[in-house]
Amino acid sequence: MSSFSASLDAVFRNESGRILASLIRYSGSFDLAEEALQDACEIAARTWPSSGVPGNPGAWLTAAARRRLIDAIRRDRLHREKGAELLATTPTEFEMPDPEVIELPDDRLRLIFTCCHPALNPEAQLALTLRTLGGLTTDEIARAFLIPEATLAQRLVRAKTKIRQAGIPYEVPSRDSIAERSEAVRAVIYLIFNEGYAATFAPSLVRADLCAEAIRLARVLCELLPVDPENRGLLALMLLQDSRRAARTDNDGNLVTLDEQDRAKWNPAKIIEALALLMRSAPAYGRYTLEARIAAEHARSAGTGETDWAEIARLYSDLCLFCKTPVVELNRAVAVAMSEGFEMGLAVMDQIPGLESFHLFHAARADLLRRLGRSQAALAGYSRALELVTNPVERAYLQRRIAALDSAGRVPPLP
Amino acid sequence: MSPNRRTSESGQPAPNIDNLKEPAMQYLLAIYTQESAAAQATPEDMKAMMGAYYAFTMEIKEKGVYLGGNALQPTTTATTVRVREGNTITTDGPFAETREQLGGYYLVNCENLDEAIAYAAKIPGAAFGSIEIRPVWAM
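Keeping their order, the protein sequence lines are chains A and B.
Take our numbering: the last position of the first sequence gets the number 417, and nothing is skipped along the way.
Take our numbering: the last position of the second sequence gets the number 174, and nothing is skipped along the way.
1. Along the segment 137-148 of chain B, where does the CB come closer than 9 Å to a CB of chain A? Name the residues.
2. Going along the chain, which residues of its own chain have a beta-carbon closer than 8 Å to the beta-carbon of Ser-7(A), five neighbours each way excluded?
3. What is the DSSP secondary structure of Gln-263(A), reduced to helix, strand or coil?
4. Mind checking Phe-130(B): buried by the 16 CB within 10 Å criterion, or exposed?
5. For a cutoff of 7 Å on Cβ pairs, would you count Gly-169(A) as touching chain B?
6. What are the boundary residues of the alpha helix (DSSP H) that Met-340(A) is part of?
7. So, with DSSP's three-state summary, where would you put Arg-246(A)?
8. Output the boundary residues of the alpha helix (DSSP H) element that contains Cys-43(A).
9. Is the beta carbon of Val-171(B) sitting closer than 7 Å to the one on Gln-61(B)?
10. Which residues, in chain order, does the segment 110-143 of chain A contribute to contact with chain B at a C-beta distance below 9 Å?
11. Would you be able to state if there are at least three C-beta pairs under 8 Å between the segment 252-268 of chain A and the segment 313-331 of chain A?
12. Please list the partners that Met-60(B) has in chain A, where partner means a Cβ-to-Cβ separation under 7 Å.
13. Residues in the same chain with beta-carbon distance under 6 Å from Ser-303(A), minus the five sequence neighbours each way, listed in chain order, please.
14. What residues from chain A crowd round Pro-170(B), counting only those whose CB sits closer than 9 Å?
15. For the putative contact between Arg-110(A) and Ala-23(A), defined by C-beta atoms under 8 Å, what is the C-beta separation to the nearest angstrom?
16. For a quick check, are the C-beta atoms of Thr-110(B) and Gln-136(B) less than 7 Å apart?
17. Would you kindly report the start and end of the unbroken beta strand (DSSP E) that includes Cys-325(A)?
18. Select from Ser-245(A), Ala-74(A) and Gly-288(A) the residue whose C-alpha is nearest the C-alpha of Ala-298(A).
19. Exposed or buried, Asn-122(B), counting other C-beta atoms within 10 Å across all chains shown (16 or more means buried)?
20. Do you know how far the Cα of Glu-17(A) is from the Cα of Asp-73(A)?
21. Over what stretch of residues does the beta strand (DSSP E) that includes Cys-145(B) continue unbroken?
22. Tell me the rounded alpha-carbon separation between Glu-331(A) and Gly-288(A).
23. Give me, in chain order, the residues of the same chain whose beta-carbon lies closer than 7 Å to that of Leu-102(B); leave out the 5 immediate sequence neighbours on both sides.
24. Using a Cβ-Cβ cut-off of 6 Å (strictly less than) and excluding sequence neighbours within five positions of Val-100(B), which residues of its own chain qualify?
25. Rounding to the nearest angstrom, what Cα-Cα distance links Gln-401(A) and Ala-349(A) in this structure?
26. Among the candidates Asp-141(A), Ala-152(A) and Ala-161(A), whose CA atom is the shortest distance from the CA of Leu-130(A)?
27. Specify, as a first and last residue, the run of the beta strand (DSSP E) that Asp-127(B) falls within.
28. At the level of alpha carbons, what is the spacing between Thr-153(A) and Ser-31(A)?
29. With DSSP collapsed to three states, give me the class of Gln-69(B).
30. Considering just the uninterrupted stretch of the alpha helix (DSSP H) at Glu-308(A), what are its terminal residues?
31. Within 10 Å of its beta-carbon, does Thr-64(A) have 16 or more other beta-carbons around it, so buried, or fewer, so exposed?
32. Kindly give me the distance between the Cβ atoms of Tyr-318(A) and Ala-337(A), rounded to whole angstroms, as I take these residues to be in contact under 8 Å.
33. Would you list the residues sitting across from Ala-106(B) in a DSSP beta bridge?
34. Identify the contact partners of Lys-175(A) in chain B, using a Cβ-Cβ distance below 9 Å as the criterion.
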C-alpha cells in the first residue's frame, strides 16, 4: 500500500461513520449512502494525488458524497419524490462548499439506535454497526466473527432490506423505550471498543481510533441517559482499559501483559475520570459496572503483588450472575489462582467447558502451568494457543513465552 | 373452488377518513393467542376482554391509525385449500399447527416500525399471546 492510499484509508476510517450517518439521514437509504461515499472515496483516490489532500478531508468527502447522492437519487425513479425534495434545497449547479466551514451534523447516535434496533437479529446489529459506524470492511468484520465474507455480506444486505421494508425508523427512540434499547447499544459500543483494542488482524494491537470512537459514543449515551448507571459503567470500563494503552505494548510493538506493565505509563486522567464515574453509580450493579470495578481494582493497585485478587474473584462471581460465559469464568479462575494458589486456579479452569478453540484459554492455562514449574505441559499449552491465535502481536508474545520456556528447560533443576 | 374470503374483506368498519394521517406505512398486526385458554375463559373474563379490545379499537380510530381489523372464528372452523397439478385439495383445519393460533388482526397506518410496535404492545392479546407485525407490501 502506498503512503498516499494509506492516508486515504486513515481518513476513511476516521470519517466514514460520521459521513455515512449524515448521508443516510439525507437520503433515507443505507445503500445509496454507502454507494455515494464509496464513489466519493474513488474520486478522492483519483484527484488527491495531484491536487493534494484537502485541509479538512472529512468535509471534502462529505461534500463529494452528497453530490454523488443527489445524482444517484435523480437517476433512481423509486426515489423521485425524495429527489425533488432534495433538489429543491440544493443548488443544481454543484459547487464544492468550503470544506473548512462545512458543518458536519452528528447523526451517529441516530444511526447506532437504528443499527441496534431489536427488530434486527443481534448478528445483524453488530455487523451493521461495525460496517457503518466503525467503517470496517466486510472482510474485517467477517474475520472478527469467524464467518465467510459472503455470509457477512448477505447478513448486511438482509439487515438493510429489513430496515427499509419494515420501516425501522432512523431516529433516537422515545423516552419510554430508550432504557431497553440502550442495552443493545451498549453491547455494540463495547464490541467496537474491543475491535479497536485488540483488532483481530490489525498490524498493531490497538486501533486507537476505534477505541476513541467507542468512548465518544458512550459519552453521548451518558449525556442522553444519565439515569442509567450502566452507561457510566460502560464508559468507566472502556476508560480504564484505554488508560493502559501505552503500557500494553513496548517500543517494538510487543505485547506486555498486565503483571509486567509499567504502571507509570497508565493514563492517570482516564483512571481518575473512570473512578469518579464509578463512585457516582455505587449501588447499581450491572454487567459493565462490575467489569469496570474489576478494572478499577487493577487501576488502584501499585502492582500485581498488591492487587486485591480475592475481591476481584468475588466481583467475577457476581459478574457470572449477569453473564455466565466461559470467558468470564476463565477470568475468575485466573483471579482464584492469584488469591488461592495456582493449583486451585488450574482446577477451576479445567472445569470450564467450551473454551477448547479459544487461544487465551490455552495461554492462561499454560501460564499457570509455567508458574507451577510444569514446563512440558506449559509448552504444550502455549503451542496450542499459538495455533489458534490470529493477532500478530499476541502471536509474538506466545512465541517469546515458548522461547523463554525452551531456554529455561535447559537449566538443570535445582538440587 | 370457492375460497372462503369472509374474514378478509367483508365486515371491516370504514376507517375514520377525517382523522387519517398522511400515508406512511401500513402494518398488519396479527394477533396470536392460545385458543384453548380462550375456550376456558369465564363469561366475565370474555366481557372484560371484549371491553379492552373495544377501548383499544376506539383509541386507534381516534388517532387515525386504524385501517381495519377483525376477530376470527377459532381454527376449528378453518379450511385450508391447495391447488396441485390442477386439483383442488381441501382439508379441514389451519395451514399449520402452532402453539398459538391466529385469532384476529388489525391493519394500521403508522409512521414507522417503532410506532407499530408501540400500538402492538397495547393490543390486549399482547399481554398473554404474541403480536406479529408485518409491513404491507407497498404497491
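Glycine included, every Cβ here is placed at the ideal spot set by N, Cα and C.
On the basis of the data shown:
1. Cys-145, Glu-146, Asn-147 and Leu-148
2. Ala-47
3. coil
4. So Phe-130(B) ends up on the exposed side.
5. yes
6. Per DSSP, Met-340(A) belongs to the alpha helix (DSSP H) from 328-342.
7. Here Arg-246(A) sits in coil by DSSP.
8. 32-53
9. yes
10. His-119, Pro-120 and Ala-121
11. No contact exists between the segment 313-331 of chain A and the segment 252-268 of chain A.
12. Against chain A, a Cβ distance below 7 Å from Met-60(B) picks out Gly-169.
13. If you ignore the 5 residues before and after Ser-303(A), its C-beta comes within less than 6 Å of the C-beta of Thr-309, all in its own chain and listed in chain order.
14. Gln-167, Ala-168 and Gly-169
15. Right, their Cβ atoms sit about 5 Å apart.
16. yes
17. Segment: none, Cys-325(A) is in no beta strand (DSSP E) and carries neither H nor E.
18. Ser-245(A)
19. exposed
20. 22 Å
21. First-last of the beta strand (DSSP E) with Cys-145(B): 136-145.
22. 17 Å
23. Pro-50, Gln-61, Leu-142, Val-143 and Asn-144
24. Val-143 and Asn-144
25. Straight-line Cα distance between these residues: approximately 26 Å.
26. Nearest C-alpha to Leu-130(A): Ala-161(A).
27. 122-127
28. 22 Å
29. coil
30. Looking at the DSSP string, Glu-308(A) is not in any alpha helix (DSSP H), and its letter there is neither H nor E.
31. By the C-beta density criterion, Thr-64(A) is buried, having at least 16 other C-beta atoms within 10 angstroms.
32. Correct: roughly 6 Å between the Cβ atoms.
33. Gly-139(B)
34. Note on residue identity: the sequence assigns Pro, not Lys, to residue 175(A). Near Pro-175(A) (Cβ distances below 9 Å), the residues of chain B are Asp-149.
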